[in-house]
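Residues 8 to 318 in the working numbering are what the sequence shown spells out, letter by letter.
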Amino acid sequence: MSDEQFFFIKDGEKQVFNSSWYRGKHTNFIPTKAEFKKHNAIYEYFLKGLLPEEPFITKSMPLTAFGSCFAAHVSKYLALKSYNILGKTLSLDAHIIRFGEGIVNTFAVLQQLEWALLDKEMPENLWFSKDKEIAPVSPQIRSNTKKIMLSTEVFIFTLGLSEVWFDNQTGEALWRAVPLLLFDPKRHEFRQTTVSENVHNIKRIIEIVQQHRPQAKIIFTLSPVPLSATFRDIPCLIANSVSKSTLRCALDEALRSSGYSNVYYFPSYELVTSALKNPFKEDNRHIRKDVVQSIMHIFEQSYCCDAPKRF
8 MSDEQFFFIK
18 DGEKQVFNSS
28 WYRGKHTNFI
38 PTKAEFKKHN
48 AIYEYFLKGL
58 LPEEPFITKS
68 MPLTAFGSCF
78 AAHVSKYLAL
88 KSYNILGKTL
98 SLDAHIIRFG
108 EGIVNTFAVL
118 QQLEWALLDK
128 EMPENLWFSK
138 DKEIAPVSPQ
148 IRSNTKKIML
158 STEVFIFTLG
168 LSEVWFDNQT
178 GEALWRAVPL
188 LLFDPKRHEF
198 RQTTVSENVH
208 NIKRIIEIVQ
218 QHRPQAKIIF
228 TLSPVPLSAT
238 FRDIPCLIAN
248 SVSKSTLRCA
258 LDEALRSSGY
268 SNVYYFPSYE
278 LVTSALKNPF
288 KEDNRHIRKD
298 VVQSIMHIFE
308 QSYCCDAPKR
318 F
């Protein structure tokens, strides 16, 4: 054994420590498999340093969640627990309610805020549902969206991917790929967006919300659901790693460097990919129901006042 090493016992496990390196104010080691079995492992290795001092979501507090199919899980779970999810009955026609799970990139999320709250004019034929339904640029829908946003006390934005299609004529991003009958190779362009672009979008999302709803809380999550396919000339698994890491880096940089208050990150991506065994269904993409329930239970404990005792 080196003079610069010593062994110690942590939670019954023998570990080695290299004492000659300066480790700064904070040193958090990657957990061993044995440490993952601790009763407080989820808090210790995934949530510590990310949570608010106290849960803040009450049953009466208006919530809006959109941004990917994982946001739909959040809405459904909290609605079943009698939380106040705006638009849960679909009685109010708004794209963030009807098509929320298709608004999966930061450009699309920002568009909805700029359109509804800043009165930005948007061109037609940008927004398509998964069933190829055109989501119209309608004054009534814009008014409905504004009403929802100005009533919201907690925004939950779930980001999904950073591969984005763009309309070169307008410079605007699309929600998803273009229906075949409308595709124009001279007009429509696909690319992997950059970390800096997504940092900019995330900061603008926060700034617009705080400008119009200064007391509102914002919770960002990264969807653990991988790409179903990539339009890049590389394997989908590799493209998915790039897509997710781009968003995760952008979230970290935006939230770490800006000092925003009332803005939080919930590690749904890390919980699914690192904490839970065999989280995906046979399609290797969608998350098993029991895993979703586990993640939602952790979310509830993290932010909801009426949840069972915290970790």
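Glycine residues also receive a C-beta, built at the ideal position from the N, C-alpha and C atoms.
Between the alpha carbons of Tyr29 and Pro38 lies a distance of about 20 Å. Under DSSP, Cys311 forms a beta bridge with Ile64. For Tyr90, there is no enclosing alpha helix (DSSP H), as DSSP gives it neither H nor E.
Per DSSP, His293 has no beta-bridge partner at all. The three-state reading of DSSP puts Thr253 in helix, counting H, G and I together. Per the DSSP secondary-structure output, Gln199 pairs in a beta bridge with Glu170. Pairing Asp174 with Leu181 gives a Cβ-Cβ distance under 8 Å. The region 117-125 and the region 210-225 touch, with three or more beta-carbon pairs separated by less than 8 Å. The DSSP assignment places 102-105, 113-124 and 146-158 as complete runs of the alpha helix (DSSP H) inside the region 98-176, in order along the chain (cut-off: 4 residues). Under the three-state reduction of DSSP output, Ile226 falls in the strand class. For Asn35, the number of other beta carbons within 10 angstroms of its own is below 16, and it is reported as exposed. When beta bridges are read from the DSSP output, Glu179 appears opposite Asp174.
Boundaries cannot be given for Phe43, as no beta strand (DSSP E) includes it and DSSP labels it neither H nor E. Non-local beta-carbon contacts of Phe238 in its own chain, meaning distances under 7 Å to residues more than five positions away in sequence, involve Glu170 and Phe197 in chain order. Around the beta carbon of Leu166, 16 or more other beta carbons sit within 10 angstroms, so the residue counts as buried. The region 296-311 makes no contact with the region 244-264; the number of CB pairs closer than 8 Å stays below 3. DSSP places Tyr29 in the coil class of the three-state scheme, outside both helix and strand. Fewer than three pairs of CB atoms, one per stretch, sit closer than 8 Å, so the region 204-213 makes no contact with the region 279-286. Residue environment: Ala236 is assigned as exposed (fewer than 16 neighbouring CB atoms within 10 Å of its CB, all protein chains considered). In the pairwise beta carbon analysis, the region 145-161 is classified as not touching the region 49-58: fewer than three pairs are separated by under 8 Å. Taking Val279 as the centre and dropping the five residues before and after it, the same chain places the C-beta of Pro231, Pro286, Ile294, Val298 and Ile302 closer than 7 Å to its C-beta, in chain order. When secondary structure is reduced to three states using DSSP, Leu70 falls in the strand class. In the three-state reduction of the DSSP assignment, Phe306 falls in the helix class, which pools H, G and I. In chain order, Asn91, Glu160 and Val161 place their CB closer than 7 Å to the CB of Met68, counting only its own chain and leaving out the 5 sequence neighbours on each side. In this structure Thr65 is exposed. Its beta-carbon is surrounded by fewer than 16 other beta-carbon atoms within 10 angstroms. Assignment of Val232 by DSSP, reduced to helix, strand and coil, places it in the coil class. Straight-line spacing of the CA atoms in Ala257 and Tyr272 works out to 12 Å.
Taking the CA atoms as reference points, Pro186 sits about 52 Å from Lys32. A direct Cα-Cα distance of roughly 42 Å separates Glu289 from Gln222.
Taking the Cα positions, Lys137 is about 15 Å away from Phe73. Non-local C-beta neighbours of Leu133 in its own chain, meaning closer than 7 Å and more than five positions away in sequence, comprise Asp174, Glu179 and Leu181, ordered along the chain. The criterion of a C-beta distance shorter than 8 Å is not satisfied by Lys316 and Phe63.
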